[in-house]
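Novice:
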Amino acid sequence: PPRGRQRVAVDLGRDQSRVALEARIDSAGLPLVVVPIEVPPGCDVERARLREEPGGAAPAEEVVVRWHRAAPDRLLAVVQRPRAGIFTLGLVAVLPGAAPADGRLPLSRTLLEQAGPSTVTWTAPPSTVLELIEPAGEGGDAPRPASASGSVEVPADGAGPAYRLLEAADGG
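Just so we're aligned: the sequence shown equals residues 182 to 353 in our numbering.
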């Protein structure tokens, strides 16, 4: 089955939030036919593309894909001419409206069998800092120190980490 690595960049904003996914998919053993993708419910997909990474110095080649919204939180990339290889999936999802003061970081990711964890970077809206709330075991949840940006690794089947937005101490 195809394997992959993925990076997600979450930019929380006052008017909208953007979730950018970049996933490298290694399907060298079998033709890549369908890539299921989790997207935040209620998002608009601003941009989506699948490119094949050739060996050597040749440029990446766009793969012809039919995009299908299978559910409010699922997108399918159906490859029109399936083939084996190494691919890069790029997707930008936009969530309208201000980021909630607390909740879970919205994620996009491929739902391949061997997708592996996602490296998630985040940026808080201007004049705010974000405090990640991480499970701490029996003692309850523990917040990380608040900051304007940061990163965290999320397991392939894990939810986006819980967060809380706070006003920045320096006001900006």
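Even glycine gets a Cβ: it sits at the ideal position worked out from N, Cα and C.
#1: Going by DSSP, what residue range makes up the beta strand (DSSP E) through Gln197?
#2: Going by Cα to Cα distance, which pick from Gln295, Arg255, Val244, Asp254 is closest to Leu270?
#3: Excluding the 5 residues preceding and the 5 following Leu202 in the sequence, name in chain order all residues of the same chain whose CB lies nearer than 6 Å to its CB.
#4: Going by beta carbon distance, what residues of the same chain come within less than 6 Å of Arg195, once the five residues before and after it are set aside?
#5: Just tell me which of Leu211, Val220, Arg205, Ala252 has its CA closest to the CA of Pro287.
#6: From the DSSP output, in three-state form, read off Gly353 for me.
#7: For the segment 324-334 against the segment 203-218, do three or more pairs of beta-carbon atoms, one drawn from each stretch, fall closer than 8 Å, so that the two count as touching?
Specialist: This is what the structure gives:
#1: Residue numbering aside, residue 197 sits at position 16 when the sequence shown is read from its first letter. Looking at the DSSP string, the run of the beta strand (DSSP E) that includes Gln197 is 197-219.
#2: The residue given as residue 270 occupies position 89 in the sequence shown. Nearest C-alpha to Leu270: Val244.
#3: Stepping through the sequence shown from its first residue, residue 202 is reached at position 21. Correct list, in chain order: Val189, Leu272, Ser289.
#4: Within the sequence shown, residue 195 is the residue found at index 14, counting from 1. Its chain contains Ala279, Pro306 as the residues whose beta carbon lies nearer than 6 Å to that of Arg195, once the 5 sequence neighbours on both sides are disregarded; these appear in chain order.
#5: Stepping through the sequence shown from its first residue, residue 287 is reached at position 106. Of the listed residues, the one whose Cα sits closest to Pro287 is Val220.
#6: The count along the sequence shown starts at 1 and reaches residue 353 at position 172. With a pLDDT of 48 at Gly353, under the threshold of 50, the predicted position of this residue should be treated as unreliable, though the coordinate-derived value follows. Coil, per DSSP.
#7: The answer is no - the segment 203-218 does not touch the segment 324-334, with fewer than three Cβ pairs under 8 Å.
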